[in-house]
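Student: What follows is a structure written as structure tokens; I'll ask about it next.
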Amino acid sequence: SLRLSKTSYFPRLYRAAFLVGGKRLFYITSPLAMVRPAHLMCPFQSVSCCFVPGCGATMTSPSGVIVSPGHPNTYPHGANCTWFISVAPGNLIRLTFDSFNLEYHSNCNFDYVEDGGYENSPLIGRWCGTSRPPVLVSHSNRFWVRFRTDSSVTRRGFTAHWDGCGGSMTSASGGFSSPGYPLPYHPNAECYWSIRTSPGSKLLLSFSDFHLETSSSCNFDYLAVYDGDSSSATQLAQLCGSQPPSPIGSSSNQLYVKLRTDSSVSAGGFLAKPQDGSRTCVCVSDCSGIRIENQHRGELESLNFPNEYPHNSLCSWTVLASSGNNISYSFSAFELEGSPGYCPQDYVKVRSTTSSAFTLVFRSDGSVTRLGFQMIALSFCLSTLGICPVCSSAGCGGELHGPAGFFNSPGYPDKYPENRECVWYIRTAASSSITITIYEFDVEFHPNCNYDVLEVFGGPDLQAPQLAKLCTTTSNPMQISSTGNTVTVRFTSDVYISGRGFNASWAEVPGGTTSLKTADKELFLSIHSPSYPSNYPHNVDCSWVISVDPSHRVLFNFSDLDIEFHSNCTWDYVAVYDGPSMSSPPLARICGTTLPPAITSTSNTIYVRFRSDSTRNHRGFRKFTRYTSSQKTLSGVQTGMKMCSQRRTG
1 SLRLSKTSYF PRLYRAAFLV GGKRLFYITS PLAMVRPAHL MCPFQSVSCC FVPGCGATMT
61 SPSGVIVSPG HPNTYPHGAN CTWFISVAPG NLIRLTFDSF NLEYHSNCNF DYVEDGGYEN
121 SPLIGRWCGT SRPPVLVSHS NRFWVRFRTD SSVTRRGFTA HWDGCGGSMT SASGGFSSPG
181 YPLPYHPNAE CYWSIRTSPG SKLLLSFSDF HLETSSSCNF DYLAVYDGDS SSATQLAQLC
241 GSQPPSPIGS SSNQLYVKLR TDSSVSAGGF LAKPQDGSRT CVCVSDCSGI RIENQHRGEL
301 ESLNFPNEYP HNSLCSWTVL ASSGNNISYS FSAFELEGSP GYCPQDYVKV RSTTSSAFTL
361 VFRSDGSVTR LGFQMIALSF CLSTLGICPV CSSAGCGGEL HGPAGFFNSP GYPDKYPENR
421 ECVWYIRTAA SSSITITIYE FDVEFHPNCN YDVLEVFGGP DLQAPQLAKL CTTTSNPMQI
481 SSTGNTVTVR FTSDVYISGR GFNASWAEVP GGTTSLKTAD KELFLSIHSP SYPSNYPHNV
541 DCSWVISVDP SHRVLFNFSD LDIEFHSNCT WDYVAVYDGP SMSSPPLARI CGTTLPPAIT
601 STSNTIYVRF RSDSTRNHRG FRKFTRYTSS QKTLSGVQTG MKMCSQRRTG
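Residue numbering for the sequence shown is 1 to 650, as defined by the UniProt record's numbering.
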């Protein structure tokens with residue numbers, strides 16, 4: 001928030017106050033010539049002050065305000081405003097309309113507000129009239145709001161605010177907290193977290209800090225934990241107060257957490273951390289012959305640890321790593337009767353026949369007991385080829401970070417297991433995109449991919465636009481590229497036929513690249529200017545070559561265009577050529593803000609070039625490419641030769 005001082009100057013036309021969650025909010029909707037926003041001060045203790053863009057913006061703060069232009073006066077004719085909201089990965093966005101007054105039409109064709117997760121994803125809804133829209137919750141960490149008006153009736157418009165909270169995460173994601181933590185959470189908040197770990201494992205949710213409004217039945221502000229993937233699952237706890245709760249364990253590989261707050265008292269919130277809580281639990285009378293297979297990490301403990309073990313115990317554990325992996329182990333605690341080198345009474349014996357398996361035996365006699373032991377065992381890759389692991393990962397899914405890496409189906413190069421679902425969440429540096437290369441692909445075939453399938457989504461979760469859906473065996477490398485720095489990959493197998501699976505890598509690519517979606521008869525591509533939807537940089541020179549199957553043509557449609565205007569488009573522009581290079585016949589040279597008609601090539605290859613000069617920069621462009629085949633399925637696509645450089649000036 002920004003604060004206002006008594007000496008700050010701003011036009012009276014652009015200031016107003018309204019209520020958000022029972023709190024008076026003061027905002028400014030016009031850029032100020034006399035005062036920099038960073039220097040604004042606010043002496044009012046009961047008032048929150050912030051600078052609000054008048055007509056569209058890209059916003060990345062964890063909370064904020066959206067106001068129609070001119071509010072609380074009437075909005076202008078012919079407005080076309082789009083707000084792009086992005087919060088931290090793993091969070092969701094909750095949008096609440098505080099006031100709403102637009103021209104009414106039964107289909108909302110005159111003046112309206114519409115919302116969605118991505119510009120090319122299905123609309124969440126379109127609203128007009130005087131009834132406030134419902135509270136909207138995004139499916140990912142991105143959200144957009146568009147406001148359009150016609151040339152006739154105008155009204156006061158709307159005010160809305162958003163908070164970023166909740167989301168999908170795994171046990172490897174780290175902790176999560178209430179919105180604004182360690183500051184007090186917001187009133188009237190509702191956040192949801194869906195937490196997963198690998199299939200076959202369980203979750204343990206622990207709290208390091210906890211302060212929610214206290215009530216006898218936790219009906220005011222509370223945190224509810226459910227044993228499954230939604231609030232319809234069995235509720236494990238409904239929590240409030242100021243004491244950190246005891247750890248909460250799941251019975252499966254999923255937990256669902258809901259935070260709900262009312263409009264009155266706020267407190268400091270909470271900080272929680274999910275962990276992989278899977279372990280083998282055995283009765284004291286039955287601790288022999290235990291077999292543990294294909295785990296990344298595990299702990300073996302003497303009975304009753306960290307309390308004293310019982311007399312006359314005889315326990316054995318056999319631990320096996322997955323194919324191609326070794327096992328390392330170490331003791332984090334050890335206290336048994338006896339002395340080093342002489343263990344006639346109580347002892348631990350480790351036998352290892354191979355580097356990927358060992359058996360541990362623990363025996364105690366009938367006399368002295370001690371605290372016992374705790375062993376930590378880790379599975380790691382047997383060998384590598386450069387930075388490429390030769391063996392397979394023992395797990396199934398997970399979070400992958402960094403500029404490059406490798407992942408594969410469970411058990412690869414052996415056959416993958418039946419009835420398995422694995423989800424990988426891949427993230428690279430901000431302002432980059434991701435290219436996934438699949439080197440080998442062998443799964444059970446179905447014409448609609450209903451049996452075993454690999455899916456790629458262009459975003460942080462499974463609600464993002466689908467880039468690929470694959471179920472056809474091939475030994476030729478395939479590449480799939482995203483437009484942003486997050487990709488989600490899901491591999492699913494049924495209970496019948498299994499293949500070798502797949503072996504894949506990911507690589508970080510600077511700037512925006514193309515994304516593709518394959519279907520039975522069509523192919524869709526999307527390209528955009530660097531940093532879109534933020535302003536593109538100065539002195540950029542980017543080019544794309546897009547090739548489709550022979551005997552097909554390429555159809556171009558712009559979905560957004562905002563490039564510095566010149567009558568001959570000589571400053572900043574997009575140029576499209578009917579062939580593989582700039583020497584091919586030109587199809588169009590485009591600038592300004594007016595969307596051009598569709599552009600169609602005469603061959604199967606086009607060349608696209610985007611240039612900017614050293615003066616003004618704008619939002620840029622986004623466009624979609626399509627080609628259709630009425631006779632054959634797609635066999636090959638090249639979206640390569642995308643290059644960007646920044647030219648020197650002077």
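Glycine residues also receive a C-beta, built at the ideal position from the N, C-alpha and C atoms.
Computed from a predicted structure; not experimentally measured.
Give the range of the beta strand (DSSP E) segment to which Pro274 is assigned.
Tutor: Gly269 to Asp276
Student: Could you tell me if Phe445 is buried or exposed, where buried requires 16 or more neighbouring beta carbons within 10 angstroms of its beta carbon?
Tutor: exposed
Student: Hey, is the region 223-230 in contact with the region 247-260, meaning 3+ C-beta pairs nearer than 8 Å?
Tutor: yes
Student: Do you know offhand how far Phe110's Cα is from Thr130's?
Tutor: 14 Å
Student: Give me, in chain order, the residues of the same chain whose beta-carbon lies closer than 6 Å to that of Gly372; leave out the 5 immediate sequence neighbours on both sides.
Tutor: Ser302, Phe305 and Tyr309
Student: Using 8 Å as the threshold, is the C-beta distance between Gly397 and Ser198 below it?
Tutor: yes
Student: Using C-beta distances below 7 Å, list every residue in its chain close to Pro134, excluding the 5 sequence neighbours before and after it, in chain order.
Tutor: Within the same chain, Pro134 has no close Cβ partners at all.
Student: Would Val348 and Leu336 qualify as a contact pair, given that the criterion is a beta-carbon distance under 8 Å?
Tutor: yes
Student: Based on the DSSP secondary-structure assignment, which residues constitute the bridge partners of His211?
Tutor: DSSP, once it has assigned bridges, lists Gly269 as partnering His211.
Student: Within its chain, find whatever has a CB closer than 6 Å to the CB of Thr234; leave out the 5 residues flanking it on each side and keep chain order.
Tutor: Asp227
Student: Whole-angstrom Cβ separation of Phe147 and Ser68, contact assumed at under 8 Å?
Tutor: 6 Å
Student: Of the choices Tyr496, Gly459 and Gln479, whose alpha-carbon is the least far from that of Ser488?
Tutor: The amino acid at residue 488 is misidentified as Ser; the sequence shows Thr. The candidate whose alpha carbon is nearest that of Thr488 is Gly459.
Student: For Thr483 and His401, what's the separation of their Cα atoms in angstroms?
Tutor: 17 Å
Student: Using a 10 Å radius around the Cβ and a threshold of 16 neighbouring Cβ atoms, would you call Asn80 buried or exposed?
Tutor: Label assigned to Asn80: exposed.
Student: Pull up the DSSP beta-bridge partners for Met169, would you.
Tutor: Ile195
Student: Report back the beta-carbon spacing between Leu501 and Tyr416 to the nearest angstrom; my notes put them in contact at under 8 Å.
Tutor: Looking at the sequence shown, residue 501 is not Leu but Gly. Between Tyr416 and Gly501 the Cβ distance is about 4 Å, and since that is below 8 Å, they are a contact.
Student: Is there contact here, the region 531-541 with the region 578-597, by at least three beta-carbon pairs under 8 Å?
Tutor: no
Student: From the DSSP output, read off the bridge partner residues of Asp115.
Tutor: Gly125 and Val145
Student: List the residues that DSSP assigns as beta-bridge partners of Thr435.
Tutor: Thr435 pairs with Ser481 and Ala507.
Student: Kindly list the residues whose CB is nearer than 7 Å to the CB of Ile480, restricted to its own chain and excluding five residues on each side of it in sequence; keep chain order.
Tutor: If you ignore the 5 residues before and after Ile480, its C-beta comes within less than 7 Å of the C-beta of Ile436, Val456, Leu467, Ala468 and Leu516, all in its own chain and listed in chain order.
Student: At the level of alpha carbons, what is the spacing between Asp461 and Ser313?
Tutor: 48 Å
Student: Relative to the C-alpha of Thr154, which residue among Ile124, Arg132, Val87 and Gly78 is closest?
Tutor: Gly78
Student: Could you tell me the boundaries of the beta strand (DSSP E) in which Leu223 lies?
Tutor: Tyr222 to Tyr226
Student: Could you check the C-alpha separation between Leu561 and His618 for me, to the nearest Å?
Tutor: 9 Å
Student: Just the Cα atoms here: how many angstroms apart are Thr214 and Asn448?
Tutor: 53 Å
Student: Is Gly157 near Leu102, with beta carbons less than 8 Å apart?
Tutor: Going by C-beta atoms, Gly157 is nearer than 8 Å to Leu102.
Student: Distance check for Asp262 and Arg611, CA to CA, integer angstroms please.
Tutor: Each residue's alpha carbon lies about 51 Å from the other.
Student: With burial defined as no fewer than 16 other Cβ atoms inside 10 Å of the residue's Cβ, what is the status of Ala160: buried or exposed?
Tutor: buried
Student: In whole angstroms, give me the CA-to-CA distance for Asn604 and Ser583.
Tutor: Their backbone Cα atoms lie some 16 Å apart in a straight line.
Student: May I have the straight-line CA-CA distance separating Thr486 from Leu92, to the nearest angstrom?
Tutor: 15 Å
Student: Would you kindly check if the distance between the Cβ of Arg553 and the Cβ of Thr600 is under 8 Å?
Tutor: yes
Student: To which residues of the same chain is Phe97 closer than 7 Å at the C-beta, ignoring the five residues directly before and after it?
Tutor: Once the five neighbours on either side are set aside, the close Cβ partners of Phe97 are Arg132, Pro133, Phe158 and Ala160.
Student: For Tyr573, I'd like the list of residues in its chain whose CB is within less than 7 Å of its CB, leaving aside the five on either flank, ordered along the chain.
Tutor: If we look at Tyr573 and ignore the five residues flanking it on each side, its Cβ neighbours are Ile563, Arg589, Ile590, Cys591 and Arg611.
Student: Check the C-beta distance from Arg94 over to Asp163 and give it rounded, since I have them as a contact under 8 Å.
Tutor: 5 Å
Student: Where does the unbroken beta strand (DSSP E) through Gln238 begin, and where does it stop?
Tutor: Counting along the chain, the beta strand (DSSP E) containing Gln238 begins and ends at Gln235 to Leu239.
Student: Would you kindly check if the distance between the Cβ of Val350 and the Cβ of residue 688 is under 8 Å?
Tutor: There is simply no residue 688 to check, as the chain begins at 1 and stops at 650 in what is shown.
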